[in-house]
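A.B. asks: Following this message is one structure expressed as structure tokens.
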Amino acid sequence: MALTGTLINILADTGLSPERLELEITEGMLLSESTMAEETLAALTSMGVKLSLDDFGTGYASLGYLRRVQFSKIKVDQSFVRGASDASSRNSAIIRAIVSLAESLGIITVAEGVETLDEIDLIRNLGCTQIQGFIFGAPRSAEIAREQAVKTVPLDRPGGPGDPLERESRVSLLRVARLRSGETVANVKIRNVSPRGALIEVPGGIAIGPSVEIELADGVRFSGEVRWRRAGKIGLFFGQPIDVDQVIGKPGAAAAAASSEQRRVA
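Each position in the sequence shown, counted from 1, maps to that position plus 331 in my numbering.
Listed below in structure tokens is the structure:
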């Protein structure tokens with residue numbers, strides 16, 4: 332119980348409310364001194380301290396810990412996030428199952444190692460509550476952080492291959508369209524769009540290749556690369572920016588595009 336006593340003293344000295352303190356627990360700690368560790372954690376939660384279980388899903392007894400210890404947050408290990416947008420990977424199904432379990436227990440879920448915009452889209456669709464990763468930049472020293480704050484310099488953002496890091500704001504909408512992918516033709520719904528990407532609802536059971544063509548009722552067409560597909564949705568990336576006004580059906584957009592095309596041909 333030495334840890335409990337130490338924390339009580341620290342809270343008393345700093346005046347910090349126990350409810351504002353969150354401790355991140357590793358599975359190694361629980362395995363090393365199982366009974367004593369669980370008694371200590373029970374004492375901490377009775378004080379109001381919040382507990383977070385790190386690297387959930389990588390150990391042998393993670394579910395047992397959820398039964399015996401009152402965690403307020405679990406962190407989905409980054410090994411599940413990596414490659415989750417790959418259609419052949421089982422990682423997204425595992426993440427979805429963890430999220431469902433956590434929701435049933437009233438526990439917050441954090442996806443670790445999120446570093447690209449595609450991963451953010453996927454994690455959001457899978458229902459994770461929070462993300463953790465270098466999407467806004469890798470850790471840096473206080474000195475460098477102060478220099479950047481003074482200069483108002485944008486952060487360098489690491490991302491995946493072809494990931495548009497400075498993605499334009501997406502326009503939410505609901506528009507029926509026709510999707511073509513190889514021999515597959517299906518009616519789909521466009522849920523949001525930007526010059527570089529779109530979220531498309533697709534019917535289940537259809538075969539979708541790595542690239543698709545979307546055709547609107549007014550004849551407008553655009554092609555995209557399928558970056559991820561999960562739970563009846565696909566995320567498209569456009570190699571060349573598209574005219575969002577055409578997609579949302581803004582009056583005059585199609586005529587302007589046709590006129591521009593005629594001028595280029597001439």
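Note that the Cβ used here is the ideal one computed from N, Cα and C, for glycine as well.
Could you check what DSSP says for residue 528 in three-state terms: helix, strand or coil?
C.D. replies: Strand at residue 528.
A.B. asks: By how many angstroms is the C-alpha of residue 580 removed from the C-alpha of residue 518?
C.D. replies: When rounded, the distance between both Cα atoms is 18 Å.
A.B. asks: What residue range is occupied by the uninterrupted alpha helix (DSSP H) comprising residue 506?
C.D. replies: Careful: residue 506 lies outside any alpha helix (DSSP H), inside the beta strand (DSSP E) at 502–512.
A.B. asks: What residue range does the alpha helix (DSSP H) around residue 411 cover?
C.D. replies: From DSSP, the alpha helix (DSSP H) with residue 411 extends over 409–412.
A.B. asks: According to DSSP, is residue 356 part of a helix, a strand, or is it coil?
C.D. replies: Strand at residue 356.
A.B. asks: Where does residue 577 sit, in a helix, a strand or coil, going by DSSP?
C.D. replies: Residue 577: helix per DSSP, three-state reduction.
A.B. asks: For residue 569, tell me which candidate among 458, 555 and 439 has the shortest Cα-Cα distance.
C.D. replies: For residue 569, the nearest C-alpha among the options comes from 555.
A.B. asks: Would you mind giving the Cβ-Cβ distance between residue 478 and residue 465, rounded to the nearest angstrom? I have them listed as a contact below 8 Å.
C.D. replies: In fact, because the Cβ distance is near 19 Å, the residues do not count as touching under 8 Å.
A.B. asks: Taking buried to mean at least 16 other C-beta atoms within 10 Å of its own C-beta, is residue 415 buried or exposed?
C.D. replies: With 16 or more Cβ atoms within 10 Å of its Cβ, residue 415 is classed as buried.
A.B. asks: Does the distance from the C-beta atom of residue 531 to that of residue 504 stay below 8 Å?
C.D. replies: No, the Cβ-Cβ distance between residue 531 and residue 504 is not below 8 Å.
A.B. asks: From 509, 394 and 470, pick the residue whose C-alpha is nearest to that of residue 544; which is it?
C.D. replies: Among 509, 394 and 470, the Cα nearest to that of residue 544 is on 509.
A.B. asks: Please state whether the Cβ-Cβ distance between residue 425 and residue 388 is less than 8 Å.
C.D. replies: The answer is yes: Cβ separation under 8 Å.
A.B. asks: Taking Cβ to Cβ, would you say residue 512 is nearer than 8 Å to residue 468?
C.D. replies: No, these two residues do not count as a Cβ contact at 8 Å.
A.B. asks: Looking at residue 406 and residue 438, is the spacing between their C-beta atoms short of 8 Å?
C.D. replies: Cβ distance not < 8 Å, so residue 438 and residue 406 don't count as in contact.
A.B. asks: Residue 523 bridges to which residues according to DSSP?
C.D. replies: In DSSP, residue 523 forms a bridge with 503 and 530.
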